[in-house]
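There are 2 protein chains.
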Amino acid sequence: MNDESPPAAPRLGEIGLTNYAPYLMNRIMGRYNASLREEMAQLGLSTPKMRALAVLSVIEGPLIRELAIYAVVEQSTLSRALDQLQADGLIRRETDAEDSRATRVFITEAGRASFETLWPHMAAAQDRMFRGIPDTEKRAFVGTLQKMLANIRKHEI
Amino acid sequence: MNDESPPAAPRLGEIGLTNYAPYLMNRIMGRYNASLREEMAQLGLSTPKMRALAVLSVIEGPLIRELAIYAVVEQSTLSRALDQLQADGLIRRETDAEDSRATRVFITEAGRASFETLWPHMAAAQDRMFRGIPDTEKRAFVGTLQKMLANIRKHEI
DNA sequence: CAGATTTAAATGCATTTGCAAATATCATCG
DNA sequence: CGATGATATTTGCAAATGCATTTAAATCTG
Chain A
753 MNDESPPAAP
763 RLGEIGLTNY
773 APYLMNRIMG
783 RYNASLREEM
793 AQLGLSTPKM
803 RALAVLSVIE
813 GPLIRELAIY
823 AVVEQSTLSR
833 ALDQLQADGL
843 IRRETDAEDS
853 RATRVFITEA
863 GRASFETLWP
873 HMAAAQDRMF
883 RGIPDTEKRA
893 FVGTLQKMLA
903 NIRKHEI
Chain B
753 MNDESPPAAP
763 RLGEIGLTNY
773 APYLMNRIMG
783 RYNASLREEM
793 AQLGLSTPKM
803 RALAVLSVIE
813 GPLIRELAIY
823 AVVEQSTLSR
833 ALDQLQADGL
843 IRRETDAEDS
853 RATRVFITEA
863 GRASFETLWP
873 HMAAAQDRMF
883 RGIPDTEKRA
893 FVGTLQKMLA
903 NIRKHEI
C-alpha cells in the first residue's frame, strides 16, 4: 500500500499567516526599514546606499559583486548607488590590483561619519524589535538566523 | 559621580554584521524573495501581487489599507497591483457597504488557483531556510518573531 | 598564442515605485 | 444643516529598479 504521493504542504490558511516565518520576517523588516527611512532621507541615503555604507563600515574594500551580496542589492542598482555615494564623497572606487576588470570599494571618513550618524537609529530600531524579549531568547534567535543564512548561502560568499 | 551620558550603542563593527539581527533577516529574506521570483514571473506575478494574493487567500475581504499593512506593500503600489490582479480576474474589488469611500478586496477562484500553484514553492523555500533546524528550535524562532511583530505593531492592525 | 568563453562592472531602457496631490466620502462641530 | 477637517483610495510624475546588453579584461582550449 505504500503508494501515497508525497505529503502535500499544508495550506497557508492552515498554518496561518502568523505561523509562516517568511511572512513574519517580511512584515517585521518592512517596519524596520520604514522606521529608518526618515533618518536616511535626512542624510540623503536610500536603502541601497545605506546598506552599502553599513557593509563598508565593517568590511574593508570588497569587490562590487561581493558588496552586492552582502548588502542584498542588485548589482546594477548598487553600481548606481555607488555613483551617488562617490559623488557625495562617502566612498571611493579603486581598481583591483590583480584583476583590472574588478573594482574594490572603500568607505571614506565622510562616509564613516555619515553612517555613524545613522547607526544609533539602527541600533534603536533593533532594540524596539526586541523590546521585552530576554537576552537568552534573543541570542537563540540570532543563532537560528545564522543557521538559516548558512542554509541559503550555498553558492554565495 | 553619576554623571555619565547614556551608554552609546556598540558599533556595528563591534557587533559584527552577522550578529545584527536586521542584517541577517534582510539577507535571508532577500534570498527567499529571489528564490520565488522565477515561479512568480511564470505566473505573471510581482512581489506585491503575490503578497496580496497570499494575504487574500487567508483573510476574507479586507479593506485596501488593511491589505497594504498585511501584505507589507505601499498603498499606492498596492492600488496598482490590484488593478492588474483585477484585470487578470484574480481578485475583485467591492465598495464597502457602510463606507462608500472604502473598498474591500476578494480573491476569486482563479486567484485562489493561481496562489495554490505558487504555494508549494513558498513552502519549499521555507523548508530550505529551516533545513537541519530542529522543530523545537523552529517553533521557538517563530514564537520570537510573533513577539517582535507585536512590538512593532503598536499603531497597526 | 589566437579565438572562444567566462567574469566584472556599467549602462540602456521599459517598468515599477513611492511621494505628494487629487478625488470622493464621511464625521464633527457650531 | 453647512463648513471644516479627517479618512480611503487613486493618480501624476519624477526617481529608482531590474533585466538584458555592452564593454573591458581575464581565462581557457586546442
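These protein sequence lines are chains A and B, in that order. Sequential numbering from 753 applies to the first sequence in our numbering. Sequential numbering from 753 applies to the second sequence in our numbering. Backbone N, C-alpha and C fix where the C-beta goes; we use that ideal spot for every residue, glycine too.
Endpoints, beta strand (DSSP E) assigned at residue i
{"i": "valine 857/B", "result": "855-859"}
Integer-rounded CB distance, given that residue j should sit under 8 Å from residue i
{"i": "valine 825/B", "j": "arginine 803/B", "result": "6 Å"}
{"i": "proline 886/A", "j": "valine 857/A", "result": "No, proline 886/A and valine 857/A are not in contact; Cβ-Cβ is about 38 Å, not under 8 Å."}
{"i": "leucine 776/A", "j": "glutamine 827/B", "result": "So it is not a contact: roughly 21 Å between Cβ atoms."}
{"i": "leucine 788/A", "j": "histidine 873/A", "result": "6 Å"}
{"i": "asparagine 903/B", "j": "arginine 883/A", "result": "5 Å"}
{"i": "alanine 892/A", "j": "alanine 892/B", "result": "6 Å"}
{"i": "threonine 896/A", "j": "glutamate 889/B", "result": "6 Å"}
Under 8 Å between C-beta atoms of residue i and residue j
{"i": "leucine 834/A", "j": "isoleucine 821/A", "result": "no"}
{"i": "glutamine 878/B", "j": "proline 762/A", "result": "no"}
{"i": "glutamate 791/B", "j": "leucine 870/B", "result": "yes"}
{"i": "asparagine 778/B", "j": "methionine 781/A", "result": "yes"}
{"i": "leucine 819/A", "j": "proline 800/A", "result": "no"}
{"i": "leucine 808/A", "j": "isoleucine 859/A", "result": "yes"}
{"i": "leucine 901/B", "j": "valine 810/A", "result": "no"}
{"i": "aspartate 848/B", "j": "alanine 839/B", "result": "no"}
{"i": "alanine 862/A", "j": "glycine 841/A", "result": "yes"}
{"i": "leucine 795/B", "j": "serine 866/B", "result": "yes"}
Beta-bridge pairing of residue i - partner residues as DSSP gives them
{"i": "threonine 847/B", "result": "Thr855/B"}
{"i": "leucine 870/A", "result": "Looking at the DSSP assignment, leucine 870/A forms no beta bridge with any residue, so it has no partner."}
{"i": "leucine 842/A", "result": "Answer is none; leucine 842/A lacks a bridge partner."}
{"i": "leucine 815/B", "result": "Arg856/B"}
N-terminal and C-terminal residue of the alpha helix (DSSP H) that residue i is part of
{"i": "asparagine 903/B", "result": "887-904"}
{"i": "asparagine 785/A", "result": "773-794"}
{"i": "valine 807/A", "result": "799-808"}
{"i": "leucine 764/B", "result": "764-767"}
For the stretch 779-792 of chain B, list every residue whose C-beta sits within 7 Å of some C-beta in chain A, in sequence order. Arg779, Ile780, Met781, Gly782, Arg783 and Tyr784
Listed from N- to C-terminal order along the chain, which residues in the stretch 881-894 of chain A have their beta-carbon within a distance smaller than 8 Å of any beta-carbon of chain B? Met881, Phe882, Arg883, Gly884, Ile885, Glu889, Lys890, Ala892, Phe893 and Val894
Anything in the stretch 760-777 of chain B with a Cβ closer than 9 Å to a Cβ of chain A? List those residues in chain order, please. Ala760, Ala761, Pro762, Arg763, Leu764, Gly765, Ile767, Gly768, Leu769, Thr770, Asn771, Tyr772, Ala773, Pro774, Tyr775, Leu776 and Met777
Under 9 Å, CB to CB, which of the residues in the stretch 797-816 of chain A have a partner in chain B? Arg803, Ala806, Val807, Ser809, Val810 and Ile811
Check each residue of the stretch 812-841 of chain A: if its Cβ is closer than 8 Å to any Cβ of chain B, include it; give the result in chain order. Tyr822 and Val824
Can you pull out the residues from the stretch 854-880 of chain A whose beta carbon lies closer than 9 Å to at least one beta carbon of chain B? Phe867, Glu868, Trp871, Pro872, Met874, Ala875, Ala876, Ala877, Gln878, Asp879 and Arg880
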